[in-house]
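Colleague: Before I ask anything, let me first share the structure, which is written out below as structure tokens.
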Amino acid sequence: MSLFHLRPLGRYLVILLLIALPVAACGGLPGSAPTNFYILQTTSELKTEGTPVQLADGATVGIGPVQIPGYADRPQIVTFGSGSAINVSDFDHWAEPLSDAIKRVLTSNVANLVGAESVFSYPADFRPDKQSLQVAVNVIDITETGTGVARLSVRWHVKALYDNKVLSRHAKIYETPATPGDYNSYAKALSQLLGKFAQDIAASLNGLNLSS
Numbered sequence: 000m001s002l003f004h005l006r007p008l009g010r011y012l013v014i015l016l017l018i019a020l021p022v023a024a025c026g027g028l029p030g031s032a033p034t035n036f037y038i039l040q041t042t043s044e045l046k047t048e049g050t051p052v053q054l055a056d057g058a059t060v061g062i063g064p065v066q067i068p069g070y071a072d073r074p075q076i077v078t079f080g081s082g083s084a085i086n087v088s089d090f091d092h093w094a095e096p097l098s099d100a101i102k103r104v105l106t107s108n109v110a111n112l113v114g115a116e117s118v119f120s121y122p123a124d125f126r127p128d129k130q131s132l133q134v135a136v137n138v139i140d141i142t143e144t145g146t147g148v149a150r151l152s153v154r155w156h157v158k159a160l161y162d163n164k165v166l167s168r169h170a171k172i173y174e175t176p177a178t179p180g181d182y183n184s185y186a187k188a189l190s191q192l193l194g195k196f197a198q199d200i201a202a203s204l205n206g207l208n209l210s211s
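FYI, the numbering for the sequence shown is 0 to 211, going by my numbering.
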């Protein structure tokens with residue numbers, strides 16, 4: 000019996016079946032791999048290095064914005080290859096936008112160091128006062144070098160929000176071992192570097208005079 004001799008409902012079901020078969024076949028192609036997702040983790044056991052951080056009475060600290068390089072601003076995890084080449088992993092993604100992840104981790108880590116009641120994610124819905132500080136972060140490089148090194152190169156400045164005055168500027172490169180091609184190792188290494196970065200942010204807040 001041909002397709003045209005079937006009742007309308009029968010023809011409709013047969014057409015749906017014919018459409019579904021190629022789709023099902025493509026979904027089961029050998030060699031297809033699931034996408035893996037990774038997060039950057041906060042560190043709850045951070046300690047200030049050297050002199051404990053002393054914020055001015057009533058001071059609040061906003062962390063952000065966080066700017067990242069264009070090559071890293073995508074869901075896929077990007078690492079460096081040889082020369083000027085980069086590697087973009089189709090099946091290994093960040094679970095959230097990378098700039099949001101960095102700000103989330105830094106906000107939590109700095110809060111653990113100077114007090115959760117004093118630290119928030121910036122921008123926030125509030126009116127700044129004379130005790131409000133902002134830490135703006137510019138990530139220059141964030142990658143695994145392909146030679147077993149996770150690298151985080153950053154610049155940041157601390158600003159008095161009330162009068163829009165920059166109080167200090169800083170720059171640093173952080174590195175730690177990471178297993179090449181192991182994205183779980185890479186995410187863990189970056190989390191460790193963000194912990195060290197948070198310690199330096201906290202130190203940059205120490206003793207700032209907001210009354211002048």
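Glycine included, each C-beta is placed from N, C-alpha and C at the ideal position.
In this text the structure is predicted, and so the values were computed from the model without any measurement.
Could you give the distance in angstroms between the alpha-carbon of LEU28 and the alpha-carbon of ILE139?
Modeller: A caution first: LEU28 carries a pLDDT of 49, below 50, which makes its placement in the model too unreliable to give a value.
Colleague: Would you mind giving the Cβ-Cβ distance between ALA197 and LEU132, rounded to the nearest angstrom? I have them listed as a contact below 8 Å.
Modeller: About 15 Å; that fails the 8 Å criterion.
Colleague: Below 8 Å on the Cβ atoms is my guess for ALA94 versus ILE141; work out the distance and round it to an integer in Å.
Modeller: Rounded, the Cβ-Cβ distance is 16 Å, inconsistent with contact.
Colleague: Alpha carbon to alpha carbon, how far is GLY145 from PRO51? Give it in angstroms, no decimals.
Modeller: 37 Å
Colleague: Please report the straight-line C-alpha distance between ALA170 and ALA201, rounded to a whole angstrom.
Modeller: For the pair ALA170 and ALA201, the Cα-to-Cα distance works out to about 14 Å.
Colleague: Can you check whether the CB of ILE76 is closer than 8 Å to the CB of LEU105?
Modeller: no
Colleague: Give me the Cβ distance between VAL60 and LEU204, rounded to the nearest whole Å; I'm assuming they're in contact under 8 Å.
Modeller: Yes, VAL60 and LEU204 are in contact; Cβ-Cβ is about 6 Å, under 8 Å.
Colleague: Looking only at its chain, what residues have a beta carbon closer than 8 Å to the beta carbon of PHE90, apart from the 5 residues adjacent to it on each side?
Modeller: ALA32, PRO33, THR34 and ASN35
Colleague: Please identify the residue among VAL136, GLY82, PRO176 and ASN111 whose C-alpha is closest to the C-alpha of PRO122.
Modeller: VAL136
Colleague: Rounded to whole angstroms, what's the CA-CA distance from ARG154 to VAL148? Just pull it up for me.
Modeller: One C-alpha to the other measures close to 20 Å.
Colleague: Ignore the nearest five residues each way along the sequence and tell me which others in LEU166's own chain have a CB closer than 7 Å to its CB.
Modeller: VAL157, LYS158, ALA159 and LEU207
Colleague: If we ignore side chains and look at the alpha-carbon of each, how far apart do PRO96 and PRO74 end up?
Modeller: 7 Å
Colleague: With a floor of 3 residues, list each beta strand (DSSP E) that falls wholly inside the region 96–170, ordered by position along the chain.
Modeller: 118–120, 131–143 and 148–159
Colleague: Since ILE85 sits in a beta bridge, which residues does DSSP pair it with?
Modeller: PHE79
Colleague: Using only the alpha-carbon positions, how far apart do LYS262 and PRO179 sit?
Modeller: The shown model of the chain, from 0 to 211, leaves out residue 262, and the question about it has no answer.
Colleague: Can you round the beta-carbon distance between GLU143 and ALA177 to whole angstroms, since I take them to be within the 8 Å contact cut?
Modeller: 5 Å
Colleague: How many Å lie between GLU116 and ILE172 at the Cα?
Modeller: 29 Å
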